[in-house]
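Chemist:
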Amino acid sequence: MDRDQALARIQASDWDVRRDAVVALGRWLPAEDAFAALVAALNDADTAVQQDAAEQLVRFGRGAGLEAVLADFGRRSDDPDVDYIEYRLRELQLLEQVPLVKSARALGSGLSADALAGLEQFEELLDES
1 MDRDQALARI QASDWDVRRD AVVALGRWLP AEDAFAALVA ALNDADTAVQ QDAAEQLVRF
61 GRGAGLEAVL ADFGRRSDDP DVDYIEYRLR ELQLLEQVPL VKSARALGSG LSADALAGLE
121 QFEELLDES
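Position 50 (the sequence shown) corresponds to 50 in the working numbering; numbering is contiguous.
(1) Excluding the 5 residues preceding and the 5 following residue 15 in the sequence, name in chain order all residues of the same chain whose CB lies nearer than 7 Å to its CB.
(2) If you drop the 5 nearest sequence neighbours on each side, which residues of the same chain put their C-beta closer than 7 Å to that of residue 86?
(3) For residue 61, does the count of other Cβ atoms within 10 angstroms reach 16, so buried, or fall short, so exposed?
(4) Have a look at 9, 52, 39 and 5 and flag the residue whose alpha-carbon is nearest the alpha-carbon of residue 64.
(5) Rounded to a whole number of angstroms, what is the C-alpha to C-alpha distance between residue 55 and residue 107?
(6) I'd like to check one pair, residue 42 with residue 69: are the Cβ atoms closer than 8 Å?
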């Protein structure tokens, strides 16, 4: 699937089509259009799409992708759907040894207040492990 197809399919009515589009868009990060579509997908109606969008952003979106996901955590701290995303990223951190916390800390004072709140929330989840 090329980038234009993925950008079109991310608007599909079927969640699995949107999820496939999200995964495809990860290949084009940090392109602005792919990045914007993935950030928007963090608020998709389906949690599987949200999880895959978060994973693509943290794997391939560099610091901006990680900050976008953490900021989403911070803004949605009372949303139970965020738990699904956090657990997916916890698996990346612990099982695949993707250094999410270390990478976020390296961004330092450049993180927004929402991203700092999201990082704190994520670290609390890791402490429970």
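Glycine residues also receive a C-beta, built at the ideal position from the N, C-alpha and C atoms.
A quick note: this is a predicted structure, and the numbers were derived from the prediction, not measured.
Modeler: Reading off the structure:
(1) 46, 48 and 49
(2) 73, 122 and 125
(3) Classification of residue 61: buried, given that the 10 Å Cβ count is 16 or more.
(4) 39
(5) 18 Å
(6) Yes, the Cβ-Cβ distance between residue 69 and residue 42 is below 8 Å.
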